[in-house]
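Colleague:
There are 2 protein chains.
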Amino acid sequence: MDTVVTALRSALADPDGTVVRTDPAVLDAARTDKSGWTAPGGPVAVVEARSVADVQAVLRTCSAARVPVVPRGAGTGLAGGANGTEGSVVLSVARMDRIIEVSVADEYAVVEPGVLNGALDAAVAAHGLRFAPDPASAAISTVGGNIATNAGGLRCVKYGVTREAVLGLDVVLADGRLVSTGRRTVKGVTGLDLTALFVGSEGTLGVVVGATVRLVPLPAGAPATLGAVFPTVADAARGAAAVVTGASRPSTVELLDAAALAGIAAHLGPQVLTETLGSSSADGAFLLVEFDGPDAAQAALGAAPRLQAEGGTVHHATSAVERERLLTVRRSFHPAMEARGRVLIEDVAVPRSRLAEMFERVEAIGRRHGVAIPTVAHAGDGNLHPNFVFAGDEVPAHVWAAADELFRAAIDLGGTLTGEHGVGVLKRRWLGDELGDDVLDLQRGVKAMFDPLGILNPGKAI
Amino acid sequence: MDTVVTALRSALADPDGTVVRTDPAVLDAARTDKSGWTAPGGPVAVVEARSVADVQAVLRTCSAARVPVVPRGAGTGLAGGANGTEGSVVLSVARMDRIIEVSVADEYAVVEPGVLNGALDAAVAAHGLRFAPDPASAAISTVGGNIATNAGGLRCVKYGVTREAVLGLDVVLADGRLVSTGRRTVKGVTGLDLTALFVGSEGTLGVVVGATVRLVPLPAGAPATLGAVFPTVADAARGAAAVVTGASRPSTVELLDAAALAGIAAHLGPQVLTETLGSSSADGAFLLVEFDGPDAAQAALGAAPRLQAEGGTVHHATSAVERERLLTVRRSFHPAMEARGRVLIEDVAVPRSRLAEMFERVEAIGRRHGVAIPTVAHAGDGNLHPNFVFAGDEVPAHVWAAADELFRAAIDLGGTLTGEHGVGVLKRRWLGDELGDDVLDLQRGVKAMFDPLGILNPGKAI
Numbered sequence: 001m002d003t004v005v006t007a008l009r010s011a012l013a014d015p016d017g018t019v020v021r022t023d024p025a026v027l028d029a030a031r032t033d034k035s036g037w038t039a040p041g042g043p044v045a046v047v048e049a050r051s052v053a054d055v056q057a058v059l060r061t062c063s064a065a066r067v068p069v070v071p072r073g074a075g076t077g078l079a080g081g082a083n084g085t086e087g088s089v090v091l092s093v094a095r096m097d098r099i100i101e102v103s104v105a106d107e108y109a110v111v112e113p114g115v116l117n118g119a120l121d122a123a124v125a126a127h128g129l130r131f132a133p134d135p136a137s138a139a140i141s142t143v144g145g146n147i148a149t150n151a152g153g154l155r156c157v158k159y160g161v162t163r164e165a166v167l168g169l170d171v172v173l174a175d176g177r178l179v180s181t182g183r184r185t186v187k188g189v190t191g192l193d194l195t196a197l198f199v200g201s202e203g204t205l206g207v208v209v210g211a212t213v214r215l216v217p218l219p220a221g222a223p224a225t226l227g228a229v230f231p232t233v234a235d236a237a238r239g240a241a242a243v244v245t246g247a248s249r250p251s252t253v254e255l256l257d258a259a260a261l262a263g264i265a266a267h268l269g270p271q272v273l274t275e276t277l278g279s280s281s282a283d284g285a286f287l288l289v290e291f292d293g294p295d296a297a298q299a300a301l302g303a304a305p306r307l308q309a310e311g312g313t314v315h316h317a318t319s320a321v322e323r324e325r326l327l328t329v330r331r332s333f334h335p336a337m338e339a340r341g342r343v344l345i346e347d348v349a350v351p352r353s354r355l356a357e358m359f360e361r362v363e364a365i366g367r368r369h370g371v372a373i374p375t376v377a378h379a380g381d382g383n384l385h386p387n388f389v390f391a392g393d394e395v396p397a398h399v400w401a402a403a404d405e406l407f408r409a410a411i412d413l414g415g416t417l418t419g420e421h422g423v424g425v426l427k428r429r430w431l432g433d434e435l436g437d438d439v440l441d442l443q444r445g446v447k448a449m450f451d452p453l454g455i456l457n458p459g460k461a462i
Numbered sequence: 001m002d003t004v005v006t007a008l009r010s011a012l013a014d015p016d017g018t019v020v021r022t023d024p025a026v027l028d029a030a031r032t033d034k035s036g037w038t039a040p041g042g043p044v045a046v047v048e049a050r051s052v053a054d055v056q057a058v059l060r061t062c063s064a065a066r067v068p069v070v071p072r073g074a075g076t077g078l079a080g081g082a083n084g085t086e087g088s089v090v091l092s093v094a095r096m097d098r099i100i101e102v103s104v105a106d107e108y109a110v111v112e113p114g115v116l117n118g119a120l121d122a123a124v125a126a127h128g129l130r131f132a133p134d135p136a137s138a139a140i141s142t143v144g145g146n147i148a149t150n151a152g153g154l155r156c157v158k159y160g161v162t163r164e165a166v167l168g169l170d171v172v173l174a175d176g177r178l179v180s181t182g183r184r185t186v187k188g189v190t191g192l193d194l195t196a197l198f199v200g201s202e203g204t205l206g207v208v209v210g211a212t213v214r215l216v217p218l219p220a221g222a223p224a225t226l227g228a229v230f231p232t233v234a235d236a237a238r239g240a241a242a243v244v245t246g247a248s249r250p251s252t253v254e255l256l257d258a259a260a261l262a263g264i265a266a267h268l269g270p271q272v273l274t275e276t277l278g279s280s281s282a283d284g285a286f287l288l289v290e291f292d293g294p295d296a297a298q299a300a301l302g303a304a305p306r307l308q309a310e311g312g313t314v315h316h317a318t319s320a321v322e323r324e325r326l327l328t329v330r331r332s333f334h335p336a337m338e339a340r341g342r343v344l345i346e347d348v349a350v351p352r353s354r355l356a357e358m359f360e361r362v363e364a365i366g367r368r369h370g371v372a373i374p375t376v377a378h379a380g381d382g383n384l385h386p387n388f389v390f391a392g393d394e395v396p397a398h399v400w401a402a403a404d405e406l407f408r409a410a411i412d413l414g415g416t417l418t419g420e421h422g423v424g425v426l427k428r429r430w431l432g433d434e435l436g437d438d439v440l441d442l443q444r445g446v447k448a449m450f451d452p453l454g455i456l457n458p459g460k461a462i
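As structure tokens, this is what we get:
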């Protein structure tokens, strides 16, 4: 038995190993996430923490033993950031999933990190509220995971990313001390903004064990939904730019390119696209635009001619059933990809005005490397998810070569490596290209200050 | 001649001292701001930087000489954060006031830090855009000052604070290196969020020399404005809470208590209040509520009965003239205070649901110390500005004693020392009460990492 496992079982009063798990299947599952990347080695234990005290005990024990700790939630990450690496202790907070408090008057909730996004939304919906961050994975991903990656999602074009939704955090530091940052007020500027620093830090500065998150009112009335088919993806990108600015901001602007539509057609059957969009869109692109709030219908009416001006054939959903059919096209993208093999989902972002150019680059890169790169974009944010489908457990070299060009293209267009998934393991080698040496040094300095022994998620994020 | 002045004039090629100013009047003006606090000593020079290179030269020179640097903009701060202290070099970026780029398609502007908030708004209004942060001082305060303090303002109840509006920063570090953080995309999670860390850091981590800020569309149509008079301030606080939640968020919710109204009546003449509000409100309170956007009129109609339910007598502005009269009541508060003496403007915030209680505490503290504490609140944010008017140049001891109780009351109600003005010099002694020792240690560790020689705005903020 590994000595750190013995020490953890003693510290957590867990002689039978029901909390400090070492079953091979549990260890193995913790090596991977939804990124398609599996750590080559594996952790020595997975601790399924039940409380803040458990988390503190793990960090004290691992600090004393100089053993790396990999914080983990539901394991739905897309960059390998929570994957248990060789010799590490995976510290899962998935069981810490309580909603501690909901304040309707002050529009916040106090939650444990393991609560699912969907569960929080369901719990507060009765009060006419919701948690704004809305990753596509909301049903299976945790609030703690959102915080670790500063996740975005489909409606952040209107409602902002996770950082804007986090008022305060309880964090266990590398040495086991528990600290609270931030506040329950909507404003507050006392001291440096450590809350914002922890958001998106991917478990490298501390382990989030509690969060005070902002809730926002559910929009009044029914949403208004448009689907538009465009001759080319560049037209669709221009259509997206045309509807996202102006006084009424859409709550969703999602773009699917021709390769993505082809994958969906193969998955759902081509007649679904033909019936829904009036086209199987082999060469075109699809844009889904939704407005919510009291002026939703009016805003959609105003947006339709702007889509038409860019060459769009616009379908206005006139019933909940029609809306559902339009949403289904978008929602079927990831299942369609996963049905074809393992998937590497990339996550570049560019200024919105460069979106059409970035799509052209994606197409050119795909042609050059002989790979299809079906792509969905949160087009209102300029955030593209180019997908690579491959066989086997390892991302092939030619896929990484194509991804490398993708990252460089995004940076070249004034963009970023990762809009919302995080750096994790998979994007570390491009970090310096985006940040530059001086900023990277500052980041490493901050990391060293919070974690002088380097035990928190080493080899990830920075 | 001080040796650092000689070194600065040499480094900046300024033999005549037109950039490195040492005129007594200039040095003296830099000792104070709008807080009512004047540094007991004074700076040895005020450098009026014209360029990034100037800022770099100042930091290199002052690092070499171990001389403190106090970054400063327009000097409109309310906590002494930019006041030139004994033996320091004040580094003014007020002359660096260019708007470098405005991207209408991507809704951002790239600006120098000295640009006035009002000037930026005026420059982008023609494109149907504005910079969301809206301090009451917008006409005279700089974007750099907003960033230094993470300023809020009147419309942040709907549009968020400065942090949400800053995409990226150019910062000169203590040793003179220039770094860029953040991005021009609306999303991006590569590395730690140093941009958010610099926002609100009050010049203690680096000197902001450029910013990429988000612009937001100007709301469509005319705003809809309500003024309501309540029998008590607690009723008005409940009225504010009743209109700020729900699907239509007001863009402004400002509360004036009885002492504030008395001051305004004395300043404008009591008939102005009587004509505008139908009451001189000697015992009551006034709430200004404004909605903008396409459903403004509808939202105001919905809000009126909620104000009435809390005891409000509601005036619905039916013309631009009537709106202006309601806004004038609020806008006259600060001039009314300044007409009576020197003013210490405090800045506590509490969860919105505790606003009525906080007003009760303010009243009780005023009674106990025999001082009037006229108070205006950004009530939608739970952010109160209790004002103390005094004679002479020094804040009297009994005012600080009352302020001390105010800060403790805010923290006791789950709130914060400062909602939007910053800690500066004036609130440092209460920092530990709010943050606790461990968080304060972390903040000091971050500070030491960015500024190992401790030359950046020492004695301020943290």
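Residue numbers (the UniProt record's numbering), protein chains in the order written: chain F, 1 to 462; chain R, 1 to 462. The beta-carbon is built from N, C-alpha and C at its ideal position, and this holds for glycine as well.
(1) If the cut is a Cβ gap below 7 Å, which residues of chain F does Gly445(R) touch?
(2) Would you list, in chain order, the members of the stretch 175-189 of chain F that have their beta-carbon closer than 9 Å to a beta-carbon of chain R?
(3) Does His398(R) pass the burial test, meaning 16 or more other C-beta atoms within 10 Å, or should it be called exposed?
(4) I need the straight-line Cα distance from Ala123(R) to Gly459(F), nearest angstrom please.
(5) According to DSSP, is His385(F) part of a helix, a strand, or is it coil?
(6) Hey, how far is the Cα of Glu158(R) from the Cα of Ala262(R)?
(7) Based on the DSSP output, what are the partners of Val295(F) in its beta bridges?
(8) Taking CB distances under 7 Å as the criterion, tell me whether Val371(F) reaches chain R.
(9) Do Ala211(R) and Asp111(R) count as a contact pair if the criterion is CB distance below 7 Å?
(10) Rank Arg361(F), Leu268(F), Glu434(F) by C-alpha distance to the C-alpha of Leu384(F) and give the top, closest one.
(11) Just to confirm, are Phe131(R) and Val171(R) a CB contact at a threshold of 7 Å?
(12) May I ask you to list, following chain order, the residues of the stretch 277-301 of chain F that have a beta carbon less than 9 Å from some beta carbon of chain R?
(13) Which residue or residues does DSSP assign as beta-bridge partners of Phe450(F)?
(14) Would you mind working out which of Thr181(R), Glu202(R), Phe286(R), Val26(R) sits nearest Gly311(R), comparing C-alpha positions?
(15) Quick check on this structure: which residue in Val104(F), Gly168(F), Ala94(F) has the alpha carbon closest to the alpha carbon of Leu218(F)?
(16) With a cut-off of 7 Å, does the C-beta of residue 514(R) fall near any C-beta of chain F?
(17) Might you give, ordered along the chain, the residues of its own chain that have their beta carbon closer than 8 Å to the beta carbon of Leu461(F), omitting 5 neighbours on each side?
(18) If His316(F) and Leu256(F) are in contact, beta carbons under 8 Å, what's the gap, nearest whole angstrom?
(19) Alpha carbon to alpha carbon, how far is Ala13(R) from Ala379(F)? Give it in angstroms, no decimals.
(20) Residue 484(R) touches chain F at which residues, Cβ-Cβ below 7 Å?
(21) How is Arg31(R) classed by DSSP in three states: helix, strand or coil?
(22) Whose C-beta lies closer than 8 Å to the C-beta of Gly341(F) among residues of the same chain, with five residues either side of it excluded?
(23) With H, G and I counted as helix, E and B as strand and the rest as coil, what does DSSP make of Thr276(F)?
(24) Curious, which full-length alpha helix (DSSP H) runs of at least 4 residues does the stretch 369-431 of chain R contain?
(25) Please name the residues in the stretch 124-155 of chain R whose beta-carbon is closer than 7 Å to at least one beta-carbon of chain F, in chain order.
(26) To which residues of the same chain is Gly176(F) closer than 6 Å at the C-beta, ignoring the five residues directly before and after it?
(27) Measuring alpha carbon to alpha carbon, tell me which residue in Gly206(R), Ala220(R), Leu169(R), Val161(R) is nearest Ala125(R).
(28) Relative to the alpha-carbon of Thr375(F), which residue among Asp412(F), Ser353(F), Ser332(F), Val395(F) has its alpha-carbon at the smallest distance?
(29) Can you give the Cα-Cα distance for Thr313(R) and Ala237(R), rounded to whole angstroms?
(30) Helix, strand or coil: which one does DSSP assign to Val58(R)?
(31) Going by DSSP, which residues form a beta bridge with Val179(R)?
(32) From Asp106(F) to Leu406(F), what does the alpha carbon distance come to, in whole angstroms?
(33) Give the straight-line distance between the Cα atoms of Ala296(R) and Pro223(R), rounded to the nearest whole angstrom.
(34) In its own chain, which residues sit with a C-beta less than 8 Å from the C-beta of Arg21(F), not counting the 5 before and 5 after it?
(35) Ends of the beta strand (DSSP E) at Ser103(F)?
(36) In this structure, how does DSSP classify Phe140(F) when only helix, strand and coil are distinguished?
Modeller: From the atom records:
(1) In the second sequence, residue 445(R) corresponds to position 445, counting from 1. Under the 7 Å cutoff, chain F gives Met449.
(2) Arg177, Leu178, Val179, Ser180, Thr181, Arg183, Arg184, Thr185, Val186, Lys187, Gly188, Val189
(3) For this step, residue 398(R) is matched to residue 398 along the second sequence. Counting Cβ neighbours within 10 Å, His398(R) comes out exposed, since fewer than 16 surround it.
(4) Position 123 of the second sequence, counting from 1, holds the residue named residue 123(R). Position 459 of the first sequence, counting from 1, holds the residue named residue 459(F). Distance between the alpha carbons of Ala123(R) and Gly459(F) is about 46 Å.
(5) Position 385 of the first sequence, counted from the first residue, corresponds to residue 385(F). The answer is strand: DSSP assigns His385(F) an E or B state.
(6) For the purposes of this step, residue 158(R) is taken as the residue at position 158 of the second sequence. For the purposes of this step, residue 262(R) is taken as the residue at position 262 of the second sequence. The residue you asked about is not Glu; residue 158(R) is Lys in the sequence shown. Within the model, the alpha-carbon separation for Lys158(R) versus Ala262(R) is close to 29 Å.
(7) For the purposes of this step, residue 295(F) is taken as residue 295 along the first sequence, with counting starting at 1. Contrary to the premise, residue 295(F) reads as Asp rather than Val in this sequence. Its beta-bridge partners do not exist; DSSP assigns none.
(8) Indexing the first sequence from 1 puts residue 371(F) at position 371. Val371(F) does not count as touching chain R.
(9) For the purposes of this step, residue 111(R) is taken as the residue at position 111 of the second sequence. For the purposes of this step, residue 211(R) is taken as the residue at position 211 of the second sequence. As written in the sequence, residue 111(R) is Val, which differs from the Asp given in the question. Yes. Within cutoff.
(10) The residue given as residue 384(F) occupies position 384 in the first sequence. Checking every option, the nearest Cα to that of Leu384(F) belongs to Arg361(F).
(11) The count along the second sequence starts at 1 and reaches residue 131(R) at position 131. The count along the second sequence starts at 1 and reaches residue 171(R) at position 171. Not in contact: Phe131(R) and Val171(R) (Cβ atoms no closer than 7 Å).
(12) Against chain R - using a Cβ distance shorter than 9 Å - the residues of the stretch 277-301 of chain F are Gly293, Pro294, Asp295, Gln298, Ala299.
(13) Residue 450(F) sits at position 450 when you count from the first residue of the first sequence. Note: Phe450(F) sits in no beta bridge, so no partner.
(14) Your numbering for residue 311(R) matches position 311 in the second sequence. Nearest option by C-alpha distance: Phe286(R).
(15) Position 218 of the first sequence, counted from the start, is the residue given in the question as residue 218(F). Ranked by Cα distance from Leu218(F), the first of Val104(F), Gly168(F), Ala94(F) is Val104(F).
(16) What the structure shows of chain R is the stretch from 1 to 462, and residue 514(R) is not part of that stretch, so it cannot be assessed.
(17) Stepping through the first sequence from its first residue, residue 461(F) is reached at position 461. Sequence check: residue 461(F) is Ala here, not Leu. Here the set comprises Gly81, Ser201, Glu202, Gly203, Thr204, Gly422, Val423, Gly424, Arg428.
(18) For the purposes of this step, residue 316(F) is taken as residue 316 along the first sequence, with counting starting at 1. For the purposes of this step, residue 256(F) is taken as residue 256 along the first sequence, with counting starting at 1. No, His316(F) and Leu256(F) are not in contact; Cβ-Cβ is about 18 Å, not under 8 Å.
(19) Taking the first residue of the first sequence as position 1, residue 379(F) is located at position 379. Taking the first residue of the second sequence as position 1, residue 13(R) is located at position 13. Looking at the two C-alpha atoms, the distance is approximately 49 Å.
(20) Here chain R covers residues 1 to 462 and nothing more, so residue 484(R) does not appear.
(21) Your numbering for residue 31(R) matches position 31 in the second sequence. Arg31(R) falls in the coil class under three-state DSSP.
(22) Stepping through the first sequence from its first residue, residue 341(F) is reached at position 341. Taken in chain order, the residues that qualify are Val389, Phe390, Ala391.
(23) For the purposes of this step, residue 276(F) is taken as the residue at position 276 of the first sequence. Helix, per DSSP.
(24) 397-412
(25) Thr149, Asn150, Gly152
(26) Translated into positions along the first sequence, residue 176(F) becomes position 176. Once the five neighbours on either side are set aside, the close Cβ partners of Gly176(F) are Gln56, Leu59, Arg60.
(27) Taking the second sequence and counting its residues from 1, the one referred to as residue 125(R) is at position 125. Ala125(R) has its Cα closest to that of Ala220(R), out of Gly206(R), Ala220(R), Leu169(R), Val161(R).
(28) For the purposes of this step, residue 375(F) is taken as residue 375 along the first sequence, with counting starting at 1. Of Asp412(F), Ser353(F), Ser332(F), Val395(F), the residue nearest in Cα terms is Ser332(F).
(29) As a position in the second sequence, residue 313(R) is number 313, starting the count at 1. As a position in the second sequence, residue 237(R) is number 237, starting the count at 1. Cα to Cα, Thr313(R) sits roughly 14 Å from Ala237(R).
(30) Taking the second sequence and counting its residues from 1, the one referred to as residue 58(R) is at position 58. Reduced to three states, the DSSP call for Val58(R) is helix.
(31) Within the second sequence, the letter at position 179 stands for residue 179(R). According to DSSP, which records beta bridges pairwise, Val179(R) is partnered with Val171(R).
(32) Numbered from its first residue, the first sequence carries residue 106(F) at position 106. Numbered from its first residue, the first sequence carries residue 406(F) at position 406. Taking the straight line joining both Cα atoms gives about 43 Å.
(33) Locating residue 296(R) in the second sequence gives position 296, counting from the first residue. Locating residue 223(R) in the second sequence gives position 223, counting from the first residue. When rounded, the distance between both Cα atoms is 6 Å.
(34) Reading the first sequence from its first residue, position 21 is the one you call residue 21(F). Counting only Cβ-Cβ distances below 8 Å, and skipping sequence neighbours, we find Leu27, Ala45, Val46, Val47, Glu48.
(35) Translated into positions along the first sequence, residue 103(F) becomes position 103. Run containing Ser103(F): 99-103, per the beta strand (DSSP E) assignment.
(36) Within the first sequence, residue 140(F) is the residue found at index 140, counting from 1. Note on residue identity: the sequence assigns Ile, not Phe, to residue 140(F). DSSP places Ile140(F) in coil when its eight states are reduced to three.
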